[in-house]
Structure formats: C-alpha cells, structure tokens
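Number of protein chains: 2
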Amino acid sequence: MLYIGIDVGGTTIKAGVVDADGNILFKHAGPTGLERGYGSVIQDIATLGLSAVKESGHTLDEVKAIGIGIPGIMDQRTGVVPFCTNLKWHDVPIIEEMKKYTDLPVYVDNDATVAGLAESVKGVSAGCSNSVFITLGTGVGGGIIINDRVFTGSHGVASEIGHMVTVDGGEPCTCGKRGCWERYTSATALIREGRRLCAVKPDCALMQSVDYDIRGITAKHVLDLAKTGDPDCARIFDRYVHHLCVGLGNLINLYDPEVIALGGGVSHAGAFLLDAIRARLHDYVFFKSMPYARVELAQLTNDAGIIGAAMLGR
Amino acid sequence: MLYIGIDVGGTTIKAGVVDADGNILFKHAGPTGLERGYGSVIQDIATLGLSAVKESGHTLDEVKAIGIGIPGIMDQRTGVVPFCTNLKWHDVPIIEEMKKYTDLPVYVDNDATVAGLAESVKGVSAGCSNSVFITLGTGVGGGIIINDRVFTGSHGVASEIGHMVTVDGGEPCTCGKRGCWERYTSATALIREGRRLCAVKPDCALMQSVDYDIRGITAKHVLDLAKTGDPDCARIFDRYVHHLCVGLGNLINLYDPEVIALGGGVSHAGAFLLDAIRARLHDYVFFKSMPYARVELAQLTNDAGIIGAAMLGR
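Chains P and Z supply the protein sequences, listed in that same order. Going by my numbering, the first sequence opens with residue 103, and the numbers climb by one from there. Going by my numbering, the second sequence opens with residue 103, and the numbers climb by one from there.
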C-alpha cells in the first residue's frame, strides 16, 4: 500500500507519495498562501496530495490514507486544530474540510511529532520502540514515540517538551511562564546570549563577525565561533550544553527512550554539539550505572515531514 | 483467575491474594528482616505469597502469576534488581531466586509504579488509559500508566519523576544533582523549610509546636499550622504548592495524563492540599484553553502495593 504525506509549513506545503517502508516515491510542493484563509489552504493540501499520486504514476486505489503534519496541535477526538500559530489557525476543522475532497482516512498531527515518527520508521531511531525527537530551532519541539506509536497523551498536548520548566524563576517565556527549557536550548537562546555578550563586550569576536550590527547575530555565528575556540562564544556554548543536558536528563528520567534524536537548526552544529553532549550527559542522568538513551543527530531533515505524515496512516 | 501480590518494604513484607478485578481476598504480613541477606528475604517473599493462597481457601491451580513491588528498580531484561536502596540490595537476581520456590510467572516492578497500576485498576484513575501516580513522601516517586499499561521505559528507569530538575542550580539532591523536584515537593522539603524558618524565627508557632526542638519537626506540623492560618507556615506551604505545580505542569506537558493521583505522607493533607493545587495549576499549564489532567488524591493507600503488584501479572 501507499500513503500520502503532507508537510504544511508557514510558506510551503510539501506533499509526497510514500511506500509502507517510508520511501518517498514522488514529491512536489506549492506555496501555503495562508492569507487566503484555512479553507483555501486545506483545498490546496488535498489537491497537492491527490495530484502527487497521479504524477507518481500510481492510482488512488493503491493509497491507504493521507497524513498531514502541521506546526500546531491537533485534537484527535474532535478532528479540530485548536491552535496553529504559524498558520494563524484557531479551531480549524481540518478533518471535516479534507472530507470535501477525499474519502481516504485523514490523520493529522504536530510536525515535530511527525518528524519523530519518520525518524523511528526510517531514520536514526529506526527499530526502537521508544524514542524522542527534539527540534532545536526558533523554539524547541518534541516528537515522542512510545511502544512504536506516536504518543500525544490523553488530550493531544503531550510532548511540549520545550515548555518543560528546568529553571524555575528563570528567563521569561513566550508562554507566560519562566524558565522553560526552550528559553535556554533554542537557536533563539543562543542569539539572546550572543547579544548579551556583545552588549557587555562590544569588541568581541562575535560583534566583529556581524560587522557590529547585533541584529545580524544568528545561532550559527555563535556556534561557529565556539567551534574555532573563541573563549566568549565557547562560554555561551558551554552553558547551552549544560542546559541541554539538564533537559535531556529529565527526558531520560521520564521517558527512558532508546534514542534521543536531535534535529532543527542548532543540530547542524553536528559532531561539535553531539560530542559536547555525550561528554557531559552522564553527570545529568539519575541512574549512573544503568544504560540510558543514545543521543544522535536526526537523519531525515527535509523529508522527515512528508515521511512521518505518511506514516501516521500506516 | 487469581493473582498473588507482594509489597516488599524495609520493615514488612505484605502478601495478598487478589482477583482479576483488583479485590483483595486475603492478606497477611511478616517482617522483612533484611539483615539476613536477600536469599532469606526472597524465600520469605515466596513463602508468604504461596501461604496466602492456602489461607485464603483457594488453591495454586487458580493462581496465574506472582507480582512483587520493591522500593527500587527492576531490570526487566535481566530479571535482576540493580538497586534497591531501602533493602540494601545491589544486583539481586530476584526472578532466579523466586524460581527456587515456584513455577508461577513472577513479575517485579518499582513500588510507586505498582501503586500507580493499582490506582489505574481499582483506584482514582480507574478507567483512564494514561495516568500518573505520585508519592509525596520522604522522596518523590512516580508510577506512570500509558495505554493501560505500566510504563518503565526502555531500560526500566522511566518515571523517576522526583529527580526531574525544575530548579537548575537549586537545592543539592541526594542524587548528586541540584534542583531536583523532590528537593521542593517531598515531606523532607517541608521539614527543611520548617527548620529554616525556626532558625531565623526561633519564637515562631512551628518552633512552639515542637517544644523548641527542631528535630521534632515533621511535614505534618508545617501543614497543620499552614491550615490554621499561621502566616509563616502558610508561606512555606505557598512555596511548596508553587514547586508542586511547576512539576505537575511539566508532567502534563510531557505525559498529558487523564488523572494525576497524589499519594504518600504529604497527600494526607487532603482537600487543603488538593484545593491549593487546583486553584493554581492552570497558571502552570502550557495550553491554557485545552482540557488537562484532573489532580486527585490516591484512594488505595495501604493496599495499593498488594493490589498493584498482583495486577502486574494480569
């Protein structure tokens, strides 16, 4: 059987045809155009998905289901998306809308959840019953696989791992709380710490690397300078790894997965990041003489959304 | 079918015969006597369990399995207990030892896990697929039920919720880390804060309530004074509830259960504690307009260990 997988982002909708092993047979994309409202966006989601089958040379008879990954949350009981900030959706009846265009079963879930599923089917956590996928991007999202299945809890809100509080009373978060993990482990956190550095040390290497315009600081600037041994950025990176390990220790305590896969922009720091985590994580784990999760880089990157969405229907 | 459930504590071994609905048909107990070494203790575990069947008026033919709850962790792959601090056990081959005395299947798990299972079968979280049980005692333990089954992760170390870090850099913990949740939410935390109060305010009501001997302070002293409106203990309780809610918010974010059941000594504060949590928890939850876990008091208290252990074999 085949599966349609659709990855809906703020600017692009990607759709693909995927086989039962998670191989993409065909994929294409179109603009999201979210200013048109959810009705038109969902029509395009359906059209892109269904036309992908035709263009792949297969027929709809071979397709078992359509899966959709969205940058928000899904209420599985009602078929409604209560929130999807990046798409500016609020209480969108996505299942009902999709039914206008197809009789195929439609499955929808959060994009980080879907990427976690993709990694567990065909990526770095393939073959693991329990795994955690983490996106270290503008925010920090999570995809939790328990007993070979996506885990989103009883109300669809599990796996908001970025909003786990690790520093009570710490940095204020967009969610209204303080000290959420993503305030310390997102790309945004590296940028904030970079700017703070420049504020107190306006001649530092980081400031020079952005031609003295702190608006230009990215996580990559900080990471690249840390890699080359710049002591200021190395210090930021050291604190970053500390906070990452605090949360990873918590996730190991709570989910005890076989693999924790790191994705998102910060994970492009690659072995530099991975080695730093692996060298220190042991100190943050509760049962120090027991085996615990391997931390790895995610493998599927851009295709994870299509593959994982497709696998929702498997 | 019937099930033998055994609750092994540092001073007492309790054994019972339990039916498939979680009803105790017979129970009795004996001293643990752990100074004799694990061989003798495990022999007593087997003897107490098997004799309970006889004394209940049933026969071993009716018994499907033996379940054992221990105050430590169990490696399900090896059948060995790597750690059990309260019993002073280290790498104890409990399954192999039990096989000397019975051919019945033997299941072993952590006592908080087992109590969580009991609550999900016959207690406050009965009928819930996903629930979390928390013991607020000397430490803080957890029992996680996911998809109607005990969840202990890939290496048996999941649900160490007391050692989730919520205050990075905070109070030093027995585990070597700082800021573990149990440092703020155990009975031990209330005692510590009570002592600190007495140190700076040696004429406070708490000090009077223990006849000016701070060694006598218990969590109950602090809670009782908070209940009567003593402003110093009310302040300690207020901070206690704050820290409790930080961790409960994290558990809701990560596990999204239907019910969180509170057990252990501190939970005897009853409605006073529950009302305080319920009044404030909303501020600590990420998706504020979505439904989230009900927080309840555990119901089974002393019998949870026997019932839950028995239900491991169901």
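Glycine residues also receive a C-beta, built at the ideal position from the N, C-alpha and C atoms. Being a predicted model, the structure only gives us computed values, none of them experimental.
Assign residue i to buried or exposed, taking buried as 16 or more other Cβ atoms, counted over all protein chains shown, within 10 Å of its Cβ.
i, result
"THR113/P", "exposed"
"VAL302/P", "exposed"
"LEU162/P", "exposed"
"GLU262/Z", "buried"
"ASP193/P", "exposed"
"THR268/Z", "buried"
"GLY272/Z", "buried"
"PHE339/Z", "buried"
"HIS384/Z", "exposed"
"GLU157/Z", "exposed"
"LYS224/P", "buried"
"PHE374/Z", "exposed"
"GLY278/P", "exposed"
"ASN249/Z", "exposed"
I need the DSSP call for residue i, collapsed to helix, strand or coil.
i, result
"LYS190/P", "coil"
"GLY296/Z", "helix"
"TYR394/P", "coil"
"HIS130/P", "strand"
"THR268/P", "coil"
"ASN125/P", "coil"
"ASP385/P", "helix"
"VAL226/Z", "coil"
"PHE185/P", "strand"
"VAL120/P", "strand"
"THR114/Z", "strand"
"ARG179/Z", "coil"
"LEU402/Z", "coil"
"ASP260/P", "As written in the sequence, residue 260/P is Ala, which differs from the Asp given in the question. Reduced to three states, the DSSP call for ALA260/P is coil."
"PHE339/P", "helix"
"SER231/Z", "coil"
"ILE319/P", "coil"
"VAL348/Z", "helix"
"VAL312/P", "coil"
"TYR203/Z", "coil"
Chain Z partners of residue i, CB-CB under 7 Å?
i, result
"CYS277/P", "PHE388"
"ASN188/P", "Under the 7 Å cutoff, chain Z gives no residues; its nearest Cβ is about 16 Å from ASN188/P."
Just the chain P side, please: which residues come within less than 8 Å of residue i by C-beta, in chain order?
i, result
"GLY243/Z", "Correct list: empty, because the minimum Cβ distance to chain P is about 12 Å."
"SER231/Z", "SER256"
"ILE248/Z", "ILE248, ASN249, PHE253"
"ASN404/Z", "Here the premise fails: no neighbours, minimum Cβ distance about 27 Å."
"ASN125/Z", "The premise fails here: ASN125/Z is roughly 27 Å from chain P at the closest Cβ pair, so nothing lies under 8 Å."
Residues of chain Z with a CB under 9 Å from the CB of residue i: which are they?
i, result
"ASP358/P", "PHE253, THR254, GLY255, SER256, HIS257, GLY258, VAL259, ALA260, SER261, GLU262"
Tell me, which residues are paired with residue i by DSSP?
i, result
"THR240/Z", "THR240/Z is not bridged to any residue."
"PRO274/Z", "ARG280/Z"
"ALA167/P", "TYR105/P"
"ASN212/P", "ILE172/P"
"GLY415/Z", "In DSSP, GLY415/Z forms no bridge with anything."
"GLY410/P", "DSSP output for GLY410/P lists no bridge partner at all."
"GLY365/P", "THR237/P"
"GLY245/Z", "PHE235/Z"
"ARG251/P", "ILE248/P"
What does residue i touch in chain P if you count any residue whose Cβ is under 9 Å from its own?
i, result
"THR268/Z", "MET266, VAL267, THR268, VAL269, ASP270, GLY281, ASN352"
"VAL348/Z", "VAL267, ASP270, LYS279, GLY281"
Strictly below 7 Å CB to CB, what residues from chain P border residue i?
i, result
"MET176/Z", "Here the premise fails: no neighbours, minimum Cβ distance about 11 Å."
"ASN212/Z", "Per Cβ cutoff of 7 Å: no residues; ASN212/Z is ~12 Å from chain P at best."
Starting from the beta carbon of residue i, find every residue of chain Z whose beta carbon is closer than 8 Å, and list them in chain order.
i, result
"PRO184/P", "PHE389, SER391, MET392"
Cβ-heavy atom distance between residue i and the ligand SAM below 7 Å?
i, result
"GLY415/P", "In the structure shown, the ligand SAM is absent, as is every other ligand, since no ligand is present at all."
request  = Would you be able to state if there are at least three C-beta pairs under 8 Å between the segment 364 to 377 of chain Z and the segment 364 to 373 of chain P?
outcome  = Segments in contact, no.
ask   = Three or more beta-carbon pairs under 8 Å between the segment 185 to 194 of chain Z and the segment 215 to 229 of chain Z, yes or no?
value = Because the criterion of three Cβ pairs below 8 Å is not met, the segment 185 to 194 of chain Z and the segment 215 to 229 of chain Z do not touch.
ask   = Does the pairing of the segment 144 to 160 of chain P with the segment 127 to 134 of chain P give three or more beta-carbon distances under 8 Å?
value = Counting Cβ pairs under 8 Å, three or more are found: they touch.
request  = Flag this pair as touching only if the segment 229 to 246 of chain Z and the segment 189 to 200 of chain Z have three or more C-beta atom pairs under 8 Å; answer yes or no.
outcome  = By the C-beta criterion, the segment 229 to 246 of chain Z is judged not to be in contact with the segment 189 to 200 of chain Z, since fewer than 3 inter-stretch pairs fall below 8 Å.
message = Pairs of beta-carbons, one from the segment 306 to 313 of chain Z and one from the segment 350 to 363 of chain Z, closer than 8 Å: are there three or more?
response = No, they do not touch.
request  = Spell out a yes or no on whether the segment 288 to 307 of chain Z and the segment 317 to 328 of chain Z are touching, meaning 3 or more CB-CB pairs, one atom from each, closer than 8 Å.
outcome  = With the cut-off at 8 Å, the segment 288 to 307 of chain Z and the segment 317 to 328 of chain Z touch.
key: the segment 277 to 285 of chain Z contacting the segment 388 to 406 of chain Z, beta-carbon criterion three pairs below 8 Å   = Taking 8 Å as the limit for Cβ pairs, the verdict is that the segment 388 to 406 of chain Z does not touch the segment 277 to 285 of chain Z.
ask   = If you pair each beta-carbon of the segment 256 to 276 of chain Z with each one of the segment 232 to 243 of chain Z, do three or more pairs fall below 8 Å?
value = As far as the Cβ criterion goes, the segment 256 to 276 of chain Z touches the segment 232 to 243 of chain Z, which means the pair count is three or higher.
Inter-stretch contact at 8 Å, needing at least 3 Cβ pairs: the segment 133 to 141 of chain P / the segment 169 to 181 of chain P = No, they do not touch.
ask   = Between the segment 115 to 127 of chain P and the segment 105 to 112 of chain Z, do three or more beta carbon pairs fall short of 8 Å?
value = Because the criterion of three Cβ pairs below 8 Å is not met, the segment 115 to 127 of chain P and the segment 105 to 112 of chain Z do not touch.
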